[in-house]
Amino acid sequence: MVIALLFFLFIIGICVGSFLNVLIDRIPQGQSPLKGRSYCDHCRKSLAWYDMVPLFSSVFLKGKCRYCKLSISSYYPLVELVTGLMFVLTFLYLSNQQLATSNQFNNIIIEQFNNLAINYIYYLFILSSFIVIFFTDLKYGIIPDKILYPAVLIFTIYHLPFTIYSPILNHQPSIINNIFSGMGAFLFFFLLYFITHGKGMGFGDVKLSFLLGLFLGFPKIIIALYTAFLTGAIIGSILIIWGKKKLRGTTIPFGPFLILGAALSLFFGEFIIRLVLPWLNF
């Protein structure tokens, strides 16, 4: 039963991932994601429905366009796969928070199920936004406001009825924590942006930090930012060492590192906090 449910969520996830691919490619170009058919990036040939079956079409076509035989970007199946896994991991994460033991899984009462469903939809929307931001910044070097602002709006709507403490998730801290975390992250990144005159990072990173602070709260936002700077420094150094000439005059987007840090902090933050606190004598 559980395996079947997780498989179903994965299938739904890769289908959503296919739509996220449309957002990733069309929003930076100012195109509507709801109008027009998908087409090959090389020959511009409109694709049939059987050319766009999430994941499976890429496998059957061996990563090539059916018409021009040129390679299809690996971003497309990767986004679909990541989104499918995100649907599964998010459900496991939230259900693990809500259920005391796995033996209780089949005995969920109606109220528990409704709470889980509300939280699940909320997390899926925010995390799907993160996926779009990750790949849009990676491919085009921008963090679109058309993704950021709706995510902030959804956060506000989700928390609005519960401004002091949300009964939906017993593990959820005060909303004031999230607001101050968002403001703190924003001010920190704005200071970096101001000092470097926008050369160290773009203003999109500043706005993204606000969303991450809102979503994660304290202390998870600290874990996310630390992870982002650490992985960014490591990967950036490796890329510079391996390709000094190729990278000359180019910039490495920081948004993907922020998203990676946020994902790590969200799913493993409690474990990291329990691991670190004894060393801090708290």
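For what it's worth, the working numbering labels the leading residue of the sequence shown as 1, then goes sequentially.
Every residue gets a Cβ at the ideal spot worked out from N, C-alpha and C, and that includes glycine.
Quick caveat: nothing in here was measured; it's all calculated off a predicted structure.
Exercise. CB-CB under 7 Å to Asn-177, same chain, minus the five flanking residues each way: which ones, in chain order?
Worked result: Taken in chain order, the residues that qualify are Gly-217 and Phe-218.
Problem set entry | Proximity below 9 Å, CB of Pro-33 to CB of Val-16 | Contact flag unset, no.
Exercise. Can you name, in chain order, every residue of its own chain whose Cβ lies under 6 Å from the Cβ of Gly-13, other than the five neighbours on each side?
Worked result: Excluding residues within five positions, the ones whose Cβ falls inside 6 Å are Thr-83, Gly-84 and Phe-87.
Exercise. What is the C-beta distance between Gly-184 and Gly-202, in whole angstroms, given that I count them as a contact (C-beta under 8 Å)?
Worked result: Contact flag wrong, Cβ pair sits at about 20 Å.
Exercise. According to DSSP, is Lys-64 helix, strand or coil?
Worked result: If DSSP states are grouped into helix, strand and coil, Lys-64 belongs with the strands.
Exercise. My guess is that Tyr-193 and Val-206 are in contact by the Cβ rule of under 8 Å, so how many angstroms apart are they, rounded?
Worked result: Tyr-193 to Val-206, Cβ: 5 Å. Contact.
Problem set entry | Cβ pair count under 8 Å reaching 3, the region 232–240 against the region 271–278 | Contact between the region 232–240 and the region 271–278 is absent, because fewer than three Cβ pairs lie under 8 Å.
Problem set entry | With 16 other Cβ atoms within 10 Å as the buried cut-off, status of Phe-7 | With fewer than 16 other beta carbons inside 10 angstroms of its own, Phe-7 counts as exposed.
For this session: Please report how far the alpha carbon of Asp-25 lies from the alpha carbon of Arg-37, in whole angstroms.
Result: Going by the C-alpha atoms only, they are around 13 Å apart.
Problem set entry | For Pro-150, the first and last residue of its enclosing alpha helix (DSSP H) | Note, Pro-150: alpha helix (DSSP H), 145–159.
Problem set entry | Cβ-Cβ distance between Tyr-120 and Leu-81 below 9 Å | No, these two residues do not count as a Cβ contact at 9 Å.
Exercise. When DSSP labels each residue in this structure, what does Ser-95 get in the three-state scheme?
Worked result: Correct three-state label for Ser-95: helix.
Problem set entry | Leu-153 burial status per 10 Å Cβ neighbour count (16 or more: buried) | So Leu-153 counts as exposed.
Exercise. How about Ala-224 and Gly-261: do their beta carbons lie closer than 9 Å?
Worked result: For Ala-224 and Gly-261, yes; Cβs fall inside 9 Å.
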